[in-house]
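Some notes on the structure that comes next.
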Amino acid sequence: MSRYVLGIDQSTQGTKALLFDETGKLICRSDLPHRQMIDARGWVEHDLNEIYKNTVQVVKDLVEKAGIDKSELAVVGISNQRETAACWNKETGEPVYNAIVWQCARGAAICEEIEKQGYAEMVRERTGLRLSPYFSAAKLAWIFRNVDGVKALAGEGKIACGTIDSWLVYKLTKGKRFQTDYSNASRTQLFNIRTLAWDEELLRIFDIDRSCMAQVTDSDGDYGETDFDGYLDKPIPIRGVLGDSHGALFGQGCLKKGMIKTTYGTGSSIMMNIGETPVFSDIGVVTSLAWSMGGKVNYVLEGNINYTGAVITWLKDDLGLISSAGETEKLAKSANPTDTTYLVPAFSGLGAPYWDSRAKAVISGMTRTTRKAEIVRAALDCIAYQITDNIRAMSEASGIKIEELRVDGGPTKNGYLMQFQSDLLDIPVKIPDSEELSGIGAAYAAGLASGLYTQEVFGTLKRTVYQPQMQEEERGQKYQGWKEAVKCCSH
Numbered sequence: 009m010s011r012y013v014l015g016i017d018q019s020t021q022g023t024k025a026l027l028f029d030e031t032g033k034l035i036c037r038s039d040l041p042h043r044q045m046i047d048a049r050g051w052v053e054h055d056l057n058e059i060y061k062n063t064v065q066v067v068k069d070l071v072e073k074a075g076i077d078k079s080e081l082a083v084v085g086i087s088n089q090r091e092t093a094a095c096w097n098k099e100t101g102e103p104v105y106n107a108i109v110w111q112c113a114r115g116a117a118i119c120e121e122i123e124k125q126g127y128a129e130m131v132r133e134r135t136g137l138r139l140s141p142y143f144s145a146a147k148l149a150w151i152f153r154n155v156d157g158v159k160a161l162a163g164e165g166k167i168a169c170g171t172i173d174s175w176l177v178y179k180l181t182k183g184k185r186f187q188t189d190y191s192n193a194s195r196t197q198l199f200n201i202r203t204l205a206w207d208e209e210l211l212r213i214f215d216i217d218r219s220c221m222a223q224v225t226d227s228d229g230d231y232g233e234t235d236f237d238g239y240l241d242k243p244i245p246i247r248g249v250l251g252d253s254h255g256a257l258f259g260q261g262c263l264k265k266g267m268i269k270t271t272y273g274t275g276s277s278i279m280m281n282i283g284e285t286p287v288f289s290d291i292g293v294v295t296s297l298a299w300s301m302g303g304k305v306n307y308v309l310e311g312n313i314n315y316t317g318a319v320i321t322w323l324k325d326d327l328g329l330i331s332s333a334g335e336t337e338k339l340a341k342s343a344n345p346t347d348t349t350y351l352v353p354a355f356s357g358l359g360a361p362y363w364d365s366r367a368k369a370v371i372s373g374m375t376r377t378t379r380k381a382e383i384v385r386a387a388l389d390c391i392a393y394q395i396t397d398n399i400r401a402m403s404e405a406s407g408i409k410i411e412e413l414r415v416d417g418g419p420t421k422n423g424y425l426m427q428f429q430s431d432l433l434d435i436p437v438k439i440p441d442s443e444e445l446s447g448i449g450a451a452y453a454a455g456l457a458s459g460l461y462t463q464e465v466f467g468t469l470k471r472t473v474y475q476p477q478m479q480e481e482e483r484g485q486k487y488q489g490w491k492e493a494v495k496c497c498s499h
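Numbering (the numbering used here), first residue to last: 9 to 499.
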């Protein structure tokens, strides 16, 4: 009888179930989207019950699609969209409000209030994060202030607050377990990454009751058992929980200090393992926890940028320069190599390492011979430049020389972009043969924790490698031109 590891990746757009064999190879996947509830104010919400229902359904769909016996499922790991805030009644198990999605900035006024009170630096020193409505704390504070009865119920110990992982664990275990892992806790802006505990003072500042917070557990710890709402005849253990970017770092095998990965999506997350001692930086990258495995914590430096794949969408949907993302590689390769066009995609300000919310997008350096191909190439180049900015900042902050970059996400299919990324960084860029790195990371953590896998599982992924080919002088000139273009954005 075979034994399979199940990975659940609950992301912003939908929920995926992934099936892995005893060697760690991904053999089947099933997906379900959920509604994106966006109102006229730009507030973004998800229906928590819909997410849970879809989670159970994708597992059923996966078993049917793979044609396996459901009794062969041995263990499950969960990766999840980070910072999205959930709040529910512990007694009824029902949400008191929709999930407030990480993209939603409705907590901005609360953050401004806290900044005026002089707490911004304390928040950063304790959590490693800049005070921002992006994180869960301000979203939860908004629920406490604006949803009738929540504050009173919290005072009676009846409210549970958390990220999507803790909601799923609670529901999957029929309310027996209220837990979160260290990676998710570190992105709430309520967790002290120095003391590795919920911070009483930060909870007071955001006015959230301590009794509402989940038990923080190792990322490869014991999260109870689930039968997926009675679907399985015998429950299986939940033994891996990781935020999606942390799951991708783990799935990429970035287990040692100095190893780094970039996930190219709509935006991008650049994450570097900095080992068991935190590094706090003033040069634009934040500090978080990678995970806690076997009782040992690893820290990361992280940079998030807003526009990577979204730049290609802009070229297609708004400018009409291309009809599909697949056209960009050929166009970029046909562009005039002497053209000096730069695009800085500060459509909603600049993210890490600049953190300039007032910056405006610019196209600079054009000449009379600049055509569509040169503009398309500049759009691809700006993705690599932004990632290079973050990786250079991380290397400087940590004092670590970076030897290679492991990458994942849709834009990694673009050969021009990957070669340019390698050239700019002057290091190899390695692309795995699977896109599902977040779910892979959670599944590997669960498989390792349950004894199904050994460390050899990290050799399962096959990688395409791009080696740098650009001369140092050309690299320096191009990067200097980028830095000059970024200066044009600032106001």
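Note that CB positions come from ideal geometry on N, CA and C, so glycine has one too.
{"Asked": "Where do the ends of the beta strand (DSSP E) carrying W96 lie?", "Found": "93-97"}
{"Asked": "Answer yes or no: do A149 and I118 have a C-beta to C-beta separation smaller than 8 Å?", "Found": "yes"}
{"Asked": "Between the Cα of S372 and those of K491, D325, G170, spot the shortest distance and give me the residue it belongs to.", "Found": "K491"}
{"Asked": "Per DSSP, what kind of secondary structure is C262 in: helix, strand or coil?", "Found": "coil"}
{"Asked": "Taking the beta carbon of R90 as the centre, do at least 16 other beta carbons fall within 10 Å, making it buried, or is it exposed?", "Found": "buried"}
{"Asked": "Starting from the N-terminal side, write out each stretch of the alpha helix (DSSP H) that is 4 residues or longer and does not extend beyond the stretch 135-217.", "Found": "144-154, 158-163, 172-180, 190-193, 208-214"}
{"Asked": "Contact between the stretch 170-182 and the stretch 282-293: three or more CB pairs below 8 Å?", "Found": "no"}
{"Asked": "Going by alpha carbons, who is nearest to K242 out of I383, E80, C220?", "Found": "E80"}
{"Asked": "Who are the near neighbours of S442 in its chain, counting only those whose CB is closer than 7 Å to its CB and skipping five residues on each side?", "Found": "L34, I448, L469"}
{"Asked": "How long is the line joining the alpha carbons of T377 and N344, rounded to whole angstroms?", "Found": "9 Å"}
{"Asked": "Could you pull the start and end residues of the alpha helix (DSSP H) that F428 belongs to?", "Found": "423-433"}
{"Asked": "What distance in whole Å lies between the Cβ atoms of A94 and W175, which are believed to be in contact at a cut-off of 8 Å?", "Found": "4 Å"}
{"Asked": "Does DSSP put N344 in a helix, a strand or coil?", "Found": "coil"}
{"Asked": "Just to confirm the assignment: which complete beta strand (DSSP E) runs, minimum length 3, are found wholly within the stretch 369-423?", "Found": "370-372, 413-416"}
{"Asked": "Assign S498 to buried or exposed, taking buried as 16 or more other Cβ atoms, counted over all protein chains shown, within 10 Å of its Cβ.", "Found": "exposed"}
{"Asked": "Count the other C-beta atoms from every protein chain shown that fall within 10 angstroms of the C-beta of D17, then say buried if there are 16 or more, exposed otherwise.", "Found": "buried"}
{"Asked": "Between the beta-carbon of S253 and the beta-carbon of S227, is there less than 8 Å?", "Found": "no"}
{"Asked": "Among the candidates D69, G157, E120, whose CA atom is the shortest distance from the CA of V104?", "Found": "G157"}
{"Asked": "Just to confirm before moving on: does the CB-CB distance between G22 and H42 stay below 8 Å?", "Found": "yes"}
{"Asked": "Looking at the unbroken alpha helix (DSSP H) that takes in A82, where does it start and where does it end?", "Found": "No alpha helix (DSSP H) holds A82; the beta strand (DSSP E) holding it covers 81-88."}
{"Asked": "Using three-state DSSP, classify G273 as helix, strand or coil.", "Found": "coil"}
{"Asked": "State the DSSP-derived secondary structure class of Y60, mapped to helix, strand or coil.", "Found": "helix"}
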